[in-house]
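Working notes, beginning with the structure itself.
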Amino acid sequence: MTLATGVGSLPGTDPAEAVRVVVGELPDLPHLPELPDRGPTASMTGRALGLVAELGADLQPAGWRLTGGSAGGDQRRARSLLAQDLDMLEEALQDYTGHLKVQVTGPWTLAATVERPRGDKILADHGARRDLAQALAEGVRVHVADVRRRVPGAGRLLLQVDEPALGAVLAARVPTASGFGRHRSVDKPEVSDQLGWVLAAASESGAEPWVHSCAPGTPLDLLRGAGARGLFVDLAVLSDADHDHLGEALDAGDGVALGVVPSVQPDGGPDAAQNDRALTDRVLGWLDQLGLDPEVVGQRLLVTPSCGLAGASPAWARRAMELCREVARHLS
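Residue numbers for the sequence shown follow the UniProt record's numbering, so the first one is 1 and each next one is one higher.
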């Protein structure tokens, strides 16, 4: 049975309503919504820094920065918002049994976006990025244990590690603080090792580690080599090599979350050129290209929006989840 889920972010500022929508539209694999409209303490970066107990951080005009000391008020606010969101999810999933997904920003996207106490990105400092990855791995252990305590009926728990900046890190495309230069690329073995710490922490805590990036140029083979049990991708940006790697993943028993529903409303209205049958045919064509049978792939294949829905209207966000569910039903 093919399942439908979301990538993570939704529009709006009401966590209770967001949870109700997700549980209602994606009942077979609900996820913890992220609501970045509430501000940077609810963004993917802020939420991840809220999990990192060993490293203090606060907000500066340029964004998040490590403090070198205890947690600042902004970091404590990020932790509080995450706890509130988990409270809402726990209440909505009382007596629930089934699958569940939560998300966390990965170490390399954090290293490319968070600054050191002295300025410039963590990415510029070998020791700082190692410390960040280790602290994030420990935060993931605590987070997974908390989710399992809150929703004990979630037999299959997926942890989605978001790495939209990973391709830029490897290709030396991350700008320096001045904006006039670019940070040096990081060697693939280091990238794989430190991402692997976070994925291993998830696996050892009882969650399936998946990695998400809807950016072109993400090395899918590296993600699997680091320990990813599943890959979240946008079908529209995949290269020929990406298709091969995804086929190999499904053949090996790993998962693929295929982003096929637009993350913002297409021109012409909610149903313009986007109906469940057309989207289903697109997925079937992709599987046929890889020589895979949808019945054989089963729950290793997930149907999702192409990326997060934070930029969508509330109406389209709900419709996008509905389309994912309908496509998954047709494939099943």
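Here a beta-carbon is modelled for each residue, glycine too, at the ideal position from N, C-alpha and C. Just so we're clear, the structure is a prediction, and the values are computed from it rather than from any experiment.
Can you list, in chain order, the stretches of the beta strand (DSSP E) that have 3 or more residues and sit fully within the region 294-327? Complete beta strand (DSSP E) runs here, min 3: 301-305.
Between the alpha carbons of L323 and K188, how many angstroms are there, rounded? 37 Å
Quick one: what does DSSP say H212 is sitting in, helix, strand or coil? Looking at H212 - three-state DSSP - the assignment turns out to be strand.
Measure from the alpha carbon of V7 to the alpha carbon of each residue in R224, V260 and L292, then state which is nearest. V260
Would a C-beta distance cut-off of 8 Å place L89 and L157 closer than the cut-off? no
Closest residue to S332 among A315, T280 and P314 (Cα-Cα distance): The candidate whose alpha carbon is nearest that of S332 is T280.
Touch check for the region 106-113 and the region 29-36: three-plus C-beta pairs under 8 Å? no
Residues near A112 by beta carbon distance below 7 Å, same chain, minus five either side: K121, L123, A165, A168, V169 and V174
Since I believe L287 is in contact with E303 (beta carbons under 8 Å), could you give me their beta-carbon distance rounded to a whole number of angstroms? Correcting the residue type first, residue 303 is Val in the shown sequence and not Glu. Between L287 and V303 the Cβ distance is about 12 Å, and since that is not below 8 Å, they are no contact.
Given a cut-off of 8 Å, decide if S263 and A320 are closer than it, judged by their beta-carbon atoms. Contact flag set, yes.
Please go through the region 150-204 and give each complete beta strand (DSSP E) segment of 3 or more residues, from N-terminal end onward. 154-162
Residues in the same chain with beta-carbon distance under 7 Å from R76, minus the five sequence neighbours each way, listed in chain order, please. none
Simplified DSSP state of Q265, which is helix, strand or coil: coil
For G68, which residues from the same chain have a beta carbon less than 6 Å from its beta carbon, with the 5 sequence-adjacent residues on both sides left out? P117, listed in sequence order.
Among T97, R65, E115 and R47, the one whose alpha carbon lies nearest that of L82: R47
What does the Cβ neighbour count give for G255, buried or exposed, with the cut at 16 atoms within 10 Å? buried
Starting from the Cα of G291, find the closest Cα among P219, R224 and D251 and give me that residue. Nearest of P219, R224 and D251 to G291, Cα basis: D251.
Run through DSSP, which three-state label would G119 get? G119 sits in coil when the DSSP states are folded into three classes, being neither helix nor strand.
S239 to L301, Cα distance in whole Å? C-alpha separation (whole angstroms): 19 Å.
Identify which residue in L55, V52, L59 and L51 has its Cα closest to the Cα of P40. L59
Quick check: the Cα distance between V144 and D74, rounded to an integer number of angstroms? 23 Å
Straight-line CA distance for A71 to R229? 33 Å
So who's on the other strand from V102, going by DSSP bridges? L159
Length of the line joining the Cα atoms of E163 and D276: 29 Å
Per DSSP, what kind of secondary structure is D131 in: helix, strand or coil? helix
Just how far apart, CA to CA, sit A312 and A18? 13 Å
Does DSSP put G50 in a helix, a strand or coil? helix
Alpha-carbon to alpha-carbon, G196 and A272: Here the model assigns A272 a pLDDT of 47, short of 50, so the residue's position is not dependable, and the following value carries that caveat. Answer to the nearest angstrom: the Cα atoms are 41 Å apart.
Below 8 Å between beta carbons: does that hold for S43 and L309? no
By Cβ distance, which residues of its chain are closer than 6 Å to D242, with the 5 residues on each side in sequence left out? L220
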